[in-house]
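Following: one structure in structure tokens, then a few remarks.
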Amino acid sequence: MANIGRRSALRLVAAASVAAVSGLAVTARPALAAQHLWGTCTRCRVLWFTGNGTRGGCPAGDILDGGHHHFGIDWMVKTVEDGGAGQPGWRWCAWCQALWFNGGTGGSACPSSRISAHSPIGPVVVGQPTAVSGEYVLEDITNRDRPGGFSGWRWCFKCSGLWDATSNSLYTGNVCPRDRQPHSLAGSGDYLLRRFGSTR
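Residue numbers -33 to -1, 1 to 167, in mature numbering (1 follows the signal peptide of the UniProt record, and there is no 0), belong to the letters of the sequence shown in order.
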């Protein structure tokens, strides 16, 4: 977890998930720069943090170590400190590295956690700081900072994770850790992300 670094609460990485059923909250100030190094897993299609030197845990499994496979796009995710429009309550799972919503009523499901649920607090390792997630904010197609962005991101009510529901032909899987079946679109809004370095 030594590679996790950013300002304030992000110094120990963060992430979150989204309960698309509720309305999105809007913060008062304009958005600042967001955290990058978020990637799409080509096997389970969740958004996960690629900057920690670990591939986390993928419910689709892997012949090497069970980790996520990065599609190659570097996505940005805002924190509450960044400000701007969107829905707060998203967290980074310190076990599987995925983004998940910490405000849903259906619980969550993690392929790596010992308690089988996502957690914003990582394992305790003697002599090392414990990783703790900050709070993230996601824009929605009806509640965004500016035009543009890439929509089609959805909240899965089964696992509470954020997953890419577009371009099925680009992926080898769409696997939810709750039941190893496809993620669900039920109850989700249409969220959007922005590419690192893009003006969109």
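No residue lacks a Cβ here, since even glycine has one placed at the ideal position from N, Cα and C.
For my contact list, residue i and residue j are in at a C-beta cut-off of 8 Å; report their separation, rounded to the angstrom.
i           : j      : result
Pro114      : Pro26  : That pair is no contact at about 34 Å.
residue 170 : Gly53  : Lying before the first or after the last residue shown, residue 170 is absent from the chain, which here runs from -33 to 167.
Ala76       : Cys126 : 4 Å
Glu102      : Thr46  : 6 Å
Gly140      : Arg22  : Not quite, the Cβ-Cβ distance comes to about 15 Å (not below 8 Å), so this is no contact.
Quick one: grab the DSSP three-state call for residue i.
i           : result
Asp49       : helix
Ser118      : strand
Trp62       : coil
Glu102      : coil
residue 181 : Not covered by the structure: residue 181. The range shown for the chain is -33 to 167.
Phe38       : coil
Asp107      : strand
To the nearest angstrom, how far is the alpha carbon of residue i from that of residue j?
i      : j      : result
Thr9   : Ile40  : 11 Å
Leu129 : Leu66  : 6 Å
Met43  : His37  : 15 Å
Ile82  : Gly20  : 23 Å
Arg161 : Gly18  : 17 Å
Tyr158 : Thr133 : 12 Å
Val91  : Thr97  : 6 Å
Gly6   : Gly74  : 23 Å
Could you tell me which residues DSSP pairs with residue i in its beta bridges?
i           : result
Ser16       : The sequence shown places Phe at residue 16, not Ser. According to DSSP, which records beta bridges pairwise, Phe16 is partnered with Trp5.
residue 170 : Because the chain in this structure spans residues -33 to 167, residue 170 falls outside the shown range and cannot be described.
His85       : BP columns for His85 are empty, so no partner.
Val44       : Gln2
Taking the beta strand (DSSP E) that residue i belongs to, which residues open and close that run?
i      : result
Arg162 : Tyr158 to Arg162
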